[in-house]
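Q: In the working numbering, the protein residues as written are 2 to 104.
Below you will find the structure I want to go over with you.
Have a look at this one:
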């Protein structure tokens with residue numbers, strides 16, 4: 002029985018990869034929507050500035066990038082953590098074998 006448990010633990014990270022991909026894609030979509038809504042509240046504009054927008058100032062572009070990065074990091078971490086906890090609750094095994102995580 003101990004051998005079976007070790008095999009299950011080794012196979013879980015590979016089985017988690019497709020789920021991790023879906024969670025990552027979903028978190029990116031959710032974060033993008035959250036950023037658009039946040040930008041609209043902050044600047045009352047539908048479109049956030051892009052780095053190549055000629056008519057936007059440096060400060061505005063860098064502010065948008067900082068806000069977008071923060072939102073993406075928070076949403077990604079929340080979705081990853083929730084997914085890992087769900088896997089652990091259902092299988093009893095943490096989906097990533099080492100303590101460092103994915104990054």
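Virtual Cβ for every residue (Gly too), placed ideally from N, Cα, C.
Only a predicted model underlies this, so the values are computations on that prediction, with no experimental measurement involved.
Can you give me the C-alpha to C-alpha distance between residue 88 and residue 76, rounded to a whole angstrom?
A: Position 87 of the chain shown, counted from the start, is the residue given in the question as residue 88. Position 75 of the chain shown, counted from the start, is the residue given in the question as residue 76. So the two alpha carbons sit approximately 18 Å from each other.
Q: Please report the straight-line C-alpha distance between residue 23 and residue 71, rounded to a whole angstrom.
A: By 1-based counting over the chain shown, the position of residue 23 is 22. By 1-based counting over the chain shown, the position of residue 71 is 70. So the alpha carbons of these two residues sit roughly 21 Å apart.
Q: Residue range of the alpha helix (DSSP H) that residue 46 falls in?
A: Here residue 46 refers to the residue found at position 45 when the chain shown is read from its first residue. Taken as a continuous stretch (DSSP letters only), residue 46 belongs to no alpha helix (DSSP H), as it is neither H nor E.
Q: Using CA atoms only, rank isn't needed, just tell me which of 64, 39 and 42 is closest to residue 51.
A: Here residue 51 corresponds to residue number 50 of the chain shown, with the count starting at 1. The candidate whose alpha carbon is nearest that of residue 51 is 64.
Q: Runs of 3 residues minimum, wholly inside the segment 22–104: which ones carry the beta strand (DSSP E) assignment?
A: Complete beta strand (DSSP E) runs here, min 3: none at all.
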